[in-house]
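Asks: All the letters of the sequence shown, read from the start, carry residue numbers 12 to 135 under the numbering used here.
Even for Gly, the Cβ is constructed at its ideal location relative to N, Cα and C.
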Amino acid sequence: MKLFLLKFLLLFSFYFQENNILTGRYEITTEVISKKKNLKLTYYLSFRSQKMIVSIKSNDVIDYWCEGVYELKKKGEIFQGIGPCSDESHDNDIFIKKVENKVFIKSKTFVNKNWLEIKKFERK
Numbered sequence: 012m013k014l015f016l017l018k019f020l021l022l023f024s025f026y027f028q029e030n031n032i033l034t035g036r037y038e039i040t041t042e043v044i045s046k047k048k049n050l051k052l053t054y055y056l057s058f059r060s061q062k063m064i065v066s067i068k069s070n071d072v073i074d075y076w077c078e079g080v081y082e083l084k085k086k087g088e089i090f091q092g093i094g095p096c097s098d099e100s101h102d103n104d105i106f107i108k109k110v111e112n113k114v115f116i117k118s119k120t121f122v123n124k125n126w127l128e129i130k131k132f133e134r135k
């Protein structure tokens, strides 16, 4: 019985870790709110221990100002990414959640206010 309980707890801890830790590289292209006009940007996200590295693909250098390292703070089932632009406004924070091995993103700077699924990054 003890061996069964030990195996169960071990499997449960692996399941819990797998579903609550963000790892890997992801990308999403979405429209963002800009002062001049709405822009379509591609975000590349790389998750590391309690951090998210954000790179942005854009035609305008001004759009790169929020690139960098974001500290991830877990609030319930949601990770809040606080990064280089958070000092200016928390509207620039990025929110991440993982549901059944799918990862979703949301930000007040996005035109679409729904949770958007981000895809694993595949280098071409």
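Short of 8 Å in beta carbon distance, which residues of its chain neighbour Tyr55, apart from the five on each side in sequence? Order them along the chain.
Replies: Taking the first residue of the sequence shown as position 1, residue 55 is located at position 44. Hits under 8 Å: Arg36, Tyr37, Glu38, Val65, Ser66, Ile67, Lys68 and Phe132.
Asks: From this set, Ile89, Ile107 and Lys119, which residue's C-alpha is nearest His101's C-alpha?
Replies: On the sequence shown, residue 101 is found 90 positions in, with the first residue counted as 1. For His101, the nearest C-alpha among the options comes from Lys119.
Asks: Anyone know if the C-beta pair for Leu33 and Val43 falls short of 8 Å?
Replies: Translated into the one-based positions of the sequence shown, residue 33 becomes position 22. Translated into the one-based positions of the sequence shown, residue 43 becomes position 32. It is not a contact, given that the beta carbons lie outside the stated cut-off.
Asks: Throw me the rounded Cβ distance for the Lys62 and Glu82 pair, which I believe falls under 8 Å.
Replies: For the purposes of this step, residue 62 is taken as the residue at position 51 of the sequence shown. For the purposes of this step, residue 82 is taken as the residue at position 71 of the sequence shown. That belief holds up - the Cβ atoms of Lys62 and Glu82 are roughly 6 Å apart, short of 8 Å.
Asks: Please determine whether the Cβ atom of Asn70 lies at a distance below 7 Å from any heavy atom of the ligand GTP.
Replies: Judged by which ligands are present, the structure shown has none, so any question about the ligand GTP falls away.
Asks: Buried or exposed: which applies to Asn70, given that a residue is buried once 16 or more other Cβ atoms fall within 10 Å of its Cβ?
Replies: Position 59 of the sequence shown, counted from the first residue, corresponds to residue 70. Exposed is the call here.
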